[in-house]
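In my numbering, the protein residues as written are 625 to 798. We treat Cβ as the ideally placed atom computed from N, Cα and C, and that holds for glycine.
Shown next, in the form of structure tokens:
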């Protein structure tokens, strides 16, 4: 039967059979292998993202702990904080404590917030130096606001001025 077919037709038939074998082997073997290789690359990329996310979570947790310590999330009662605030204010030279307001308490879903307010009197330079000392050295509570009040008599600014400072402490809700 193959003797009657010419060599060119046999070659064409052989090429067609070879192409069919190549296509079927590609479909059955090579295509799933290439697909699994692509999937492996995608999974490895996702794994790298996951590793990065874990390090980011650790970094965020450490930053939150650092911020808690910085904003005054310490284990002190509000009364202790106020006593230390008054003690620190008494150590500042040429400044008098004029008024200390009651401790204001507020709460939200995450924190308990304690607010302390103190009025100081002295010269502008002494009050400014005292404010700087509070900001730099008083680590128990944080300054959230301050205001200078000029006292005038007959249109002339007096030497002694007042400084109102508001401090806040934060405590995590348990």
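Residues sharing a beta bridge with residue i, DSSP
| i | result |
| --- | --- |
| residue 786 | 745, 773 |
| residue 739 | 728, 792 |
| residue 780 | 777 |
| residue 646 | According to DSSP, residue 646 bridges with nothing at all. |
| residue 766 | 792 |
| residue 723 | 743 |
Beta-carbon proximity check, residue i vs residue j, cutoff 8 Å
| i | j | result |
| --- | --- | --- |
| residue 711 | residue 740 | no |
| residue 724 | residue 742 | yes |
| residue 713 | residue 721 | yes |
| residue 772 | residue 785 | yes |
| residue 747 | residue 783 | yes |
| residue 727 | residue 702 | yes |
Local Cβ density within 10 Å of residue i, reported as buried at 16 or more and exposed below that
| i | result |
| --- | --- |
| residue 705 | buried |
| residue 718 | exposed |
| residue 793 | buried |
| residue 750 | buried |
| residue 744 | buried |
| residue 754 | buried |
| residue 605 | The question about residue 605 has no answer, for the chain in this structure spans 625 to 798. |
| residue 631 | exposed |
| residue 791 | buried |
Reference residue i, options the options, closest by Cα
| i | options | result |
| --- | --- | --- |
| residue 768 | 780, 788, 750, 749 | 788 |
| residue 795 | 760, 689, 746 | 689 |
| residue 709 | 757, 629, 644, 658 | 757 |
| residue 732 | 797, 674, 702, 672 | 797 |
| residue 763 | 639, 700, 645, 734 | 700 |
| residue 716 | 629, 761, 655 | 761 |
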